[in-house]
Amino acid sequence: MRILILIAAMIVAAPVLGLGGVYLLSDAKLRDVTRDPPFDAPIPTDAASIEHGRHIARTRGCFGCHGQQLQGKNFDEQWDWPERAVAPNLALYAREHDNATLEAAIRQGIGANGKGLVSMPSYNFTRMTDEDLASLIAFLRSAPVVEIDLPKPKLGWIARWSFVTGEETHFAEWADAAPPLRVDAEAEPQRAFGEYLAMTMCNECHGLDLRGATLWDAVTPDLIIVSAYSREEFEKLITTGVAMSGRELGLMRLVAPDRFPELSEQEIDALYLYLTSLVDEPVPDGVFWRP
Ligand code: HEC
Ligand code: HEC
Numbered sequence: 003m004r005i006l007i008l009i010a011a012m013i014v015a016a017p018v019l020g021l022g023g024v025y026l027l028s029d030a031k032l033r034d035v036t037r038d039p040p041f042d043a044p045i046p047t048d049a050a051s052i053e054h055g056r057h058i059a060r061t062r063g064c065f066g067c068h069g070q071q072l073q074g075k076n077f078d079e080q081w082d083w084p085e086r087a088v089a090p091n092l093a094l095y096a097r098e099h100d101n102a103t104l105e106a107a108i109r110q111g112i113g114a115n116g117k118g119l120v121s122m123p124s125y126n127f128t129r130m131t132d133e134d135l136a137s138l139i140a141f142l143r144s145a146p147v148v149e150i151d152l153p154k155p156k157l158g159w160i161a162r163w164s165f166v167t168g169e170e171t172h173f174a175e176w177a178d179a180a181p182p183l184r185v186d187a188e189a190e191p192q193r194a195f196g197e198y199l200a201m202t203m204c205n206e207c208h209g210l211d212l213r214g215a216t217l218w219d220a221v222t223p224d225l226i227i228v229s230a231y232s233r234e235e236f237e238k239l240i241t242t243g244v245a246m247s248g249r250e251l252g253l254m255r256l257v258a259p260d261r262f263p264e265l266s267e268q269e270i271d272a273l274y275l276y277l278t279s280l281v282d283e284p285v286p287d288g289v290f291w292r293p
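Counting in the working numbering, the sequence shown runs from 3 upward without gaps.
The following block contains the structure:
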């Protein structure tokens, strides 16, 4: 009799222990992050820097994902993988957190709770300069706070399981994998500026090295494809998301009109110069974002 009770107890307990294990193991993975020294660059207060910070926020997609008034956004219906991703209210977050916490979230993919982020594309901002980041922080703190009700984010069991198995990696790991900038800024300032822009705007989707990626539900092309575009066609593409061929570009059609119409002529020239120079560089393979 006693043995039967024991067996019954084990049958009841097994799933609970299993879920507990998945929870603990996935949390350990999420906490496994390497931190850079705390960010301590001065935050500017002048109007020109704050305006520059707004330009950075606009062209890097902060508004698209965190809301046009930075009020935050629930991604429940668009993305189901983490179960419920909620982009926080940035105007509020910037006032409630110090500079080092903001930097860790934006450039390193580490949340205020010390865990690797799972939906915020920090790997796109890893190479952002201290100056641009400081202006961005200044802007976020100056933006009016618009409060809305946001649900709590939720990391589901399927997502947790994929961290345990290693099928998914959090974005602090992605941020670590973002390659360094290579062009010598002294020798080729314009091409270096173009590389900087591309490596903080386009590598969210086109692969950490801009040479194409297999993402969750999209395959994005190697940006070597820009060589097929004239300067005018390229400008039209990145400001409207309409390809030279007239082909529908999915996500690109969505983000381009939100982020890139306010790029200056000089920024577009630099991007075009850099991206058309990619032809001469080899493409590394076997990297995790391009299996
Ligand atoms: C593709 C959508 C997307 C873009 C683009 C984006 N974010 Fe996020 N961000 C999120 C989501 C979703 C979260 C919630 C955390 C998570 O699930 O990873 C988040 C979280 C954050 C956090 C809080 C991290 C924490 O939990 O402590 C900060 C700060 C942040 N984002 C800043 C920015 C800034 C600044 C920009 C622009 C430079 C930006 N984000 C661009 C989607 C985005
Ligand atoms: C949020 C994701 C995202 C971002 C950010 C993004 N793209 Fe794209 N891009 C895509 C997707 C998705 C496609 C289309 C893939 C397909 O349908 O073949 C695409 C396609 C393209 C194409 C191919 C057009 C053609 O003729 O087929 C070019 C060129 C391009 N993007 C350039 C850029 C540049 C330059 C940037 C940065 C300034 C950028 N993209 C940023 C997602 C993105």
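Glycine included, C-beta positions come from ideal geometry on N, C-alpha and C.
- Excluding the 5 residues flanking it on each side, C204 has same chain C-beta neighbours closer than 7 Å at L212, L225, in chain order.
- Per DSSP, T216 is one residue of the beta strand (DSSP E) stretching across 213 to 216.
- For R60, same chain residues with a beta-carbon under 7 Å away, outside a window of 5 residues either side, are R261, E264 in chain order.
- As computed with DSSP, E85 is found in a beta bridge with L157.
- When rounded, the separation of the alpha-carbon atoms in L280 and A15 is 57 Å.
- Of H208, T278, L142, the smallest CA-CA separation from E53 is found for L142.
- Taking non-hydrogen atoms of ligand 2 into account, the C-beta of E133 is found less than 8 Å away from none of them.
- In the three-state reduction of the DSSP assignment, I270 falls in the helix class.
- Relative to ligand 1, the nearest heavy atom lies less than 8 Å away from the CB of Y95.
- Three or more beta-carbon pairs separated by less than 8 Å are not found between the segment 15 to 25 and the segment 87 to 107, which leaves the two stretches without contact.
- Counting only residues of its own chain and dropping the five nearest sequence neighbours on each side, L94 has a CB closer than 6 Å to the CB of V147.
- A Cβ-Cβ distance of about 15 Å is found for the pair E175 and A161, leaving them out of contact under the 8 Å criterion.
- Its chain contains T216 as the residues whose beta carbon lies nearer than 7 Å to that of P293, once the 5 sequence neighbours on both sides are disregarded; these appear in chain order.
- DSSP places D178 inside the alpha helix (DSSP H), whose first and last residues are 173 to 179.
- When distances are taken from the beta-carbon of C207 to the heavy atoms of ligand 2, the shortest one is below 8 Å.
- Distance check between R233 and each of A96, D271, L210, V166 places D271 closest, using alpha-carbon atoms only.
- A distance below 9 Å separates the beta carbons of A140 and G55.
- In the three-state reduction of the DSSP assignment, P223 falls in the strand class.
- DSSP, reduced to helix, strand and coil, places R184 outside both helices and strands of the structure shown, so it counts as coil.
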